[in-house]
Amino acid sequence: MNVAVVGANGQIGKQVIGLLKDGGEHTPRAIVRKEEQVQSFEQDGVQASLVDLEGTVNQIANGLKGADAVVFTAGSGGSTGSDKTLLIDLDGAVKTMEAAKQAGIERFVIVSALQAHHRENWNESLKPYYVAKHFADRALEQSGLTYTIIRPGGLLNEAGTGNVSAAENLERGSIPREDVARTIVASLTEESTFNKGFDLISGDKGIEEAVKNI
68 MNVAVVGANG
78 QIGKQVIGLL
88 KDGGEHTPRA
98 IVRKEEQVQS
108 FEQDGVQASL
118 VDLEGTVNQI
128 ANGLKGADAV
138 VFTAGSGGST
148 GSDKTLLIDL
158 DGAVKTMEAA
168 KQAGIERFVI
178 VSALQAHHRE
188 NWNESLKPYY
198 VAKHFADRAL
208 EQSGLTYTII
218 RPGGLLNEAG
228 TGNVSAAENL
238 ERGSIPREDV
248 ARTIVASLTE
258 ESTFNKGFDL
268 ISGDKGIEEA
278 VKNI
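The sequence shown begins at 68 in this note's numbering and counts up one residue at a time.
Structure (structure tokens):
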């Protein structure tokens, strides 16, 4: 598949691009917001499209054209205010869903947050972020796209172990970004993840086994 990775310059997005490129099974396309990022990916032999998630659905759809699947890993980041969280993590995500449908793309994988589907379990200090994730996920569930919602726990920069725990509901925990990226790639064609959402933390099952048993 040709896989458009929205937020490809982010920490998880870069790892997804690398895994797709090195895996040989799929062809990645980096969806980024700065011209220098486009140039950087293209110098590395990766297709790239310039897309502003605060732009129109038509503009986003043009950037996605020709893709068979979308991976949405974009986020406003921890240094911005709640306004950007609303514009990127919620509206940007929903516009990307609309753009995917417009471009004839059926497969859509989104990175959410642990327990975003249960309001009573939201992290109080990150409430606007959880609100954005919650409603973006609900929009995806109602979109008609073949979706997978991956809700990782606390994100770590250490090396991945390749072992995770994945289920609809998990207690708080953490996980290396590398293992989140591997889970995204493993989920792309794993039908047991289609039209499902799951929490994801470090655990004792290999990633391939874990996604098969969702």
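Idealized CB from N, CA, C, for every residue including glycine.
All figures in this text were calculated on a predicted structure; none of them were measured in a lab.
Spatial distance of residue i from residue j (CA atoms)
i, j, result
"F108", "D89", "14 Å"
"D156", "Q182", "16 Å"
"I281", "D204", "17 Å"
"H184", "T250", "19 Å"
"S241", "I216", "17 Å"
"M68", "Y196", "31 Å"
"I177", "E191", "22 Å"
"K101", "D119", "9 Å"
"G171", "E225", "37 Å"
"G144", "A233", "25 Å"
"F202", "E208", "10 Å"
"V137", "L131", "8 Å"
"R239", "G112", "38 Å"
"A115", "A134", "12 Å"
"V252", "E187", "30 Å"
"E275", "S254", "8 Å"
"P243", "L223", "4 Å"
"V105", "I268", "32 Å"
"E235", "R96", "29 Å"
"Q110", "I98", "15 Å"
DSSP three-state assignment for residue i, whether helix, strand or coil
i, result
"G263", "Note that residue 263 is Lys in the sequence shown, not Gly. The answer is strand: DSSP assigns K263 an E or B state."
"N280", "coil"
"S254", "helix"
"T94", "strand"
"K272", "strand"
"H167", "Strictly speaking, residue 167 in this sequence is Ala, with His absent from that position. Helix."
"I282", "Residue 282 lies beyond the range of the chain shown here (68 to 281); nothing can be said about it."
"I172", "coil"
Closest residue to residue i among the options (Cα-Cα distance)
i, options, result
"V278", "G270, S259, I268, S269", "S259"
"G142", "E257, V72, N236", "V72"
"G270", "V178, E208, K162, G227", "G227"
"A59", "T123, G144, L193", "Residue 59 is absent from the model: the chain starts at 68 and stops at 281."
"G220", "A199, D246, T213", "D246"
"A180", "L193, E173, K168, R174", "L193"
"L212", "K263, A248, E187", "K263"
"K151", "Q82, V198, Y214", "V198"
"I127", "N230, G74, Q82", "G74"
Element boundaries [alpha helix (DSSP H), containing residue i]
i, result
"Y198", "It should be noted that the sequence gives Val, not Tyr, for residue 198. V198 -> alpha helix (DSSP H) spans 194 to 208."
"T147", "Where T147 is concerned, there is no enclosing alpha helix (DSSP H), given that its DSSP letter is neither H nor E."
"I127", "124 to 131"
Start and end residues, beta strand (DSSP E) containing residue i
i, result
"V113", "Per DSSP, V113 belongs to no beta strand (DSSP E) and is neither H nor E."
"A71", "69 to 73"
"V118", "Per DSSP, V118 belongs to no beta strand (DSSP E) and is neither H nor E."
"A136", "136 to 139"
Completely contained beta strand (DSSP E) runs for the region 219 to 251, where each covers 3 or more residues
Fully contained in the region 219 to 251 are the following beta strand (DSSP E) runs of length 3 or more, in chain order: 221 to 223, 230 to 234, 241 to 243.
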